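Q:
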């Protein structure tokens with residue numbers, strides 16, 4: 001009886017070992033969920049490692065360097081590569097506000113890629129993220145600035161406080177002005193907070209554009225393959241002499257510029273891979 005039980009267990013193990021790889025290759029949906037699960041597991045362990053190694057540097061932007069190292073290897077593991085254009089535009093020795101389009105969790109690969117993430121840079125994030133296990137703790141440890149988007153008075157206070165921190169600590173702030181992930185083509189309307197911050201602090205706005213991931217990733221279609229995308233860093237847009245009355249105009253100017261680059265770089269990426 002015991003021998004039969006062992007045989008059954010062995011058969012089940014062998015069957016699973018054969019079946020799962022086949023399912024992974026044959027089902028794009030299964031592959032999507034398997035890779036997303038693996039990605040979040042790696043991010044969780046990477047976050048834990050960052051917390052352990054960064055505890056002696058409370059709220060220090062330098063802790064982000066470990067995240068860059070972890071994600072650089074993770075992107076290689078997942079077969080995701082990037083062509084970076086204009087990275088020299090982020091090598092500023094003064095504060096700035098970096099604005100980027102937000103498509104999915106895969107933005108982390110481009111955001112923290114070597115040559116993209118600036119020195120002494122911190123993310124601006126919604127306050128709810130602070131309570132998310134591991135991820136929120138790491139964000140806090142790297143000096144993230146949390147903002148209450150649902151409370152205008154609180155948000156304004158955070159912006160005013162951030163202006164002071166930018167100047168005193170010579171920081172750069174990374175913002176996703178769409179405010180949420182956009183799983184469709186193009187860009188969502190921009191919220192004005194990042195541009196209000198830049199004008200109030202009189203610091204440059206540095207636009208960063210990630211081309212579409214549609215060649216290898218789609219949440220709607222449950223696809224997650226391998227591929228390449230383009231990261232374009234545009235020249236800084238100065239805010240010297242601008243006032244709060246110019247916030248709306250600056251917001252639309254930057255969005256229009258980024259949308260044009262998004263459309264162009266996404267089309268070039270598809271054409272380079274023979275997709276019409």
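In UniProt numbering, the protein residues as written are 1 to 276.
Don't be surprised by glycine CBs; every beta carbon is placed ideally from N, CA and C.
Keep in mind it's a predicted model, so treat the numbers as computed, not measured.
Since residue 141 is in the alpha helix (DSSP H), which residue starts that stretch and which ends it?
A: That run of the alpha helix (DSSP H) goes 135-141.
Q: When you compare the CB positions of residue 167 and residue 104, do they come within less than 7 Å of one another, or not?
A: No, the pair does not count as a contact, with Cβ atoms beyond the cut-off.
Q: Check whether the Cβ atoms of residue 194 and residue 175 lie closer than 7 Å to each other.
A: Contact: yes.
Q: Please confirm whether residue 183 and residue 219 have their CB atoms less than 7 Å apart.
A: It is a contact, given that the beta carbons lie within the stated cut-off.
Q: In whole angstroms, what is the alpha-carbon distance linking residue 171 and residue 230?
A: So the two alpha carbons sit approximately 26 Å from each other.
Q: Select from 253, 257 and 239 the residue whose C-alpha is nearest the C-alpha of residue 95.
A: The shortest Cα separation from residue 95 among 253, 257 and 239 belongs to 239.
Q: Return helix, strand or coil for residue 65, following the three-state DSSP convention.
A: Three-state DSSP puts residue 65 in a helix.
Q: Taking 7 Å as the threshold (C-beta atoms), are residue 109 and residue 44 in contact?
A: No, these two residues do not count as a Cβ contact at 7 Å.
Q: Evaluate residue 13 with the Cβ neighbour count: other Cβ atoms within 10 Å of its Cβ, from every protein chain shown; 16 or more gives buried, anything less gives exposed.
A: Exposed, by the Cβ-count rule.
Q: Name the residue from 265, 160, 120 and 131 whose alpha carbon lies nearest to the alpha carbon of residue 60.
A: Of the candidates 265, 160, 120 and 131, the one whose C-alpha sits nearest the C-alpha of residue 60 is 120.
Q: Counting only the same chain and skipping the five closest in sequence on each side, list residues whose C-beta sits under 8 Å from that of residue 244.
A: Within the same chain, residue 244 has close Cβ partners 196, 199 and 200.
Q: Could you check the C-alpha separation between residue 7 and residue 215 for me, to the nearest Å?
A: So the alpha carbons of these two residues sit roughly 45 Å apart.
Q: Assign residue 185 to one of two classes, buried (16 or more other C-beta atoms within 10 Å of its C-beta) or exposed (fewer than that).
A: Under this definition residue 185 is an exposed residue.
Q: Let me check one thing: in DSSP terms, what residues is residue 227 bridge-paired to?
A: Note: residue 227 sits in a beta bridge opposite 80.
Q: If the criterion is Cβ atoms closer than 7 Å, does the pair residue 173 and residue 122 meet it?
A: Yes, Cβ-Cβ distance for residue 173 and residue 122 is below 7 Å.
Q: Quick check: the Cα distance between residue 142 and residue 113, rounded to an integer number of angstroms?
A: Cα-Cα distance, rounded: 16 Å.
Q: Does DSSP put residue 261 in a helix, in a strand, or in coil?
A: Correct three-state label for residue 261: helix.
Q: According to DSSP, simplified to helix, strand and coil, what is residue 116?
A: It is coil, neither helix nor strand.
Q: Name the DSSP bridge partner or partners of residue 100?
A: Looking at the DSSP assignment, residue 100 forms a beta bridge with 208.
Q: For residue 36, tell me which candidate among 66, 78 and 18 has the shortest Cα-Cα distance.
A: The candidate whose alpha carbon is nearest that of residue 36 is 78.
Q: Are the CB atoms of residue 57 and residue 228 within a distance shorter than 7 Å?
A: No; because the gap between Cβ atoms is not below 7 Å, this pair is not in contact.
Q: Tell me residue 123's beta-bridge partners as DSSP assigns them.
A: Answer by DSSP bridge pairing, in chain order: 174.
Q: Could you pull the start and end residues of the alpha helix (DSSP H) that residue 195 belongs to?
A: Unbroken alpha helix (DSSP H) run through residue 195: 193-201.
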